[in-house]
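Every position in the sequence shown, counted from 1, becomes a number in the numbering used here once 620 is added.
Backbone N, C-alpha and C fix where the C-beta goes; we use that ideal spot for every residue, glycine too.
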Amino acid sequence: MLPVIFYNKLVTPTLDWLAKIEDPVPASDPARVLVMAIAGQESNWAYRKQIGGPARSYWQFEEYGGVAGVLQHPTTSGQARWVCAALDITCDVPTVYEAMAWNDVLAASMARLLLWTDPGRLPDLGDEQGAWNYYLRNWRPGLRKWARLLWTGRCAGLVWERWPHGRSATRTPPMRRCSKKRMAKSIGTAPPAKFTTGCERSRPGPARLPNSATVPGKLGT
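Right, here's the structure in full:
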């Protein structure tokens, strides 16, 4: 999933929702960014099932690790039952474990609740080492040296310093220079009455114009 979609459509709404339940879990920028960063670390925001392993969801929970830990912890068991009831999911370890692979709201909620079991204060924005320590304490990754390199390269640089208030939170991906045109002569042989989206360099035919040509109404090149 594109990081901007992951953050804006999954992480932020889910954490805001958890902050409004009967026994609320506070939503804050440090919580949002840490939940976002850990998903990037664990799955590169791309894999709901671990490749070659048993973990589930973008946060890579194991059945009798993080799943059982959240459901049975005295701090989070009540919130976990509330979340499962709201999502029509039976609140037991095997069911939640499998459901986390396809229900992203459940998965994001479980990730936030796992952080909530930690009595320590969430690290401040910009505290990359503190964020790493928090992740290490709660997710307990293997191959820590390699995991630390991933965290520095992927999460600390891309996420921790820029989300949520950097430009990358709202910037759209760069687009090829294409434009809508009415003029058939500017894009090839299409009928002049139709709007067509095209790039001159990708259109066949003798009517194709060089990049330096100027056509009224077309975007500048």
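With distances taken Cα to Cα, identify the nearest neighbour of Q699 among A647, R757, L733 and Y667.
For the purposes of this step, residue 699 is taken as residue 79 along the sequence shown, with counting starting at 1. Taking only the C-alpha atoms, the option nearest Q699 is L733.
Just how far apart, CA to CA, sit S648 and Y755?
Here residue 648 refers to the residue found at position 28 of the sequence shown. Here residue 755 refers to the residue found at position 135 of the sequence shown. Taking the straight line joining both Cα atoms gives about 17 Å.
In whole angstroms, what separates the C-alpha of S729 from that of M656?
Translated into the one-based positions of the sequence shown, residue 729 becomes position 109. Translated into the one-based positions of the sequence shown, residue 656 becomes position 36. C-alpha separation (whole angstroms): 12 Å.
Is it the case that the Cβ atoms of S663 and Y678 are separated by a distance below 8 Å?
Looking up residue 663 in the sequence shown gives position 43. Looking up residue 678 in the sequence shown gives position 58. A contact, by the Cβ cut-off of 8 Å.
Using the three-state DSSP reduction, which class does K669 fall into: helix, strand or coil?
For the purposes of this step, residue 669 is taken as the residue at position 49 of the sequence shown. Residue state, collapsed to three classes: strand.
Nearest candidate by alpha-carbon position, reference V690, set P714, G750 and L745
On the sequence shown, position 70 is the one that residue 690 refers to. Out of P714, G750 and L745, P714 has the C-alpha closest to the C-alpha of V690.
I'd like the list of long-range same chain contacts for Q680, defined as Cβ closer than 7 Å, with 5 residues on each side in sequence excluded.
What you label residue 680 is simply residue 60 of the sequence shown in a count that begins at 1. Closer than 7 Å at Cβ, skipping near neighbours: E662, S663 and Q670.
Under the rule that 16 or more other beta-carbon atoms within 10 Å means buried, what is W722, buried or exposed?
Position 102 of the sequence shown holds residue 722. Counting Cβ neighbours within 10 Å, W722 comes out exposed, since fewer than 16 surround it.
Please give the ranges of any alpha helix (DSSP H) in the region 741-772, keeping only runs that are unbroken, at least 4 residues long and fully inside the region.
Taken in chain order, the unbroken stretches of alpha helix (DSSP H) that lie wholly in the region 741-772 and span 4 residues or more are 748-759 and 764-770.
Should W766 go down as buried or exposed, given a rule of 16 or more other Cβ atoms within 10 Å for buried?
For the purposes of this step, residue 766 is taken as residue 146 along the sequence shown, with counting starting at 1. With fewer than 16 other Cβ atoms within 10 Å, it is exposed.
Please return the same chain residues whose Cβ sits closer than 7 Å to the Cβ of L770, not counting the five positions on each side in sequence.
As a working note, residue 770 is residue 150 in the sequence shown. Excluding positions up to five away in sequence, the list reads Q661.
Rounded to the nearest angstrom, what separates D636 and E748 at their Cα positions?
Position 16 of the sequence shown, counted from the start, is the residue given in the question as residue 636. Position 128 of the sequence shown, counted from the start, is the residue given in the question as residue 748. Put simply, the backbone Cα of D636 is about 23 Å away from that of E748.
Whole-angstrom distance between D708 and L622, CA atom to CA atom:
Residue numbering aside, residue 622 sits at position 2 when the sequence shown is read from its first letter. Residue numbering aside, residue 708 sits at position 88 when the sequence shown is read from its first letter. Their Cα atoms are separated by approximately 27 Å.
Y717, enclosing alpha helix (DSSP H) - first and last residue
Taking the first residue of the sequence shown as 1, we reach residue 717 at position 97. Segment V713 to A719, the alpha helix (DSSP H) holding Y717.
For the alpha helix (DSSP H) containing R652, name the first residue and the last one.
The sequence position of residue 652 within the sequence shown is 32, counting from 1. Under the DSSP assignment, R652 falls in the alpha helix (DSSP H) whose first and last residues are D649 to S663.
Pairwise C-alpha distance: T696 and A675
Walking along the sequence shown from the start, residue 675 turns up at place 55. Walking along the sequence shown from the start, residue 696 turns up at place 76. Rounded to whole angstroms, A675 to T696 spans 20 Å at the Cα level.
To the nearest angstrom, how far is the alpha carbon of A639 from that of V645?
Sequence index remark: in the sequence shown, residue 639 carries index 19 (1-based). Sequence index remark: in the sequence shown, residue 645 carries index 25 (1-based). Approximately 5 Å between the Cα atoms of the pair.
Span separating the alpha-carbon of R760 from that of E642
For the purposes of this step, residue 760 is taken as the residue at position 140 of the sequence shown. For the purposes of this step, residue 642 is taken as the residue at position 22 of the sequence shown. C-alpha separation (whole angstroms): 30 Å.
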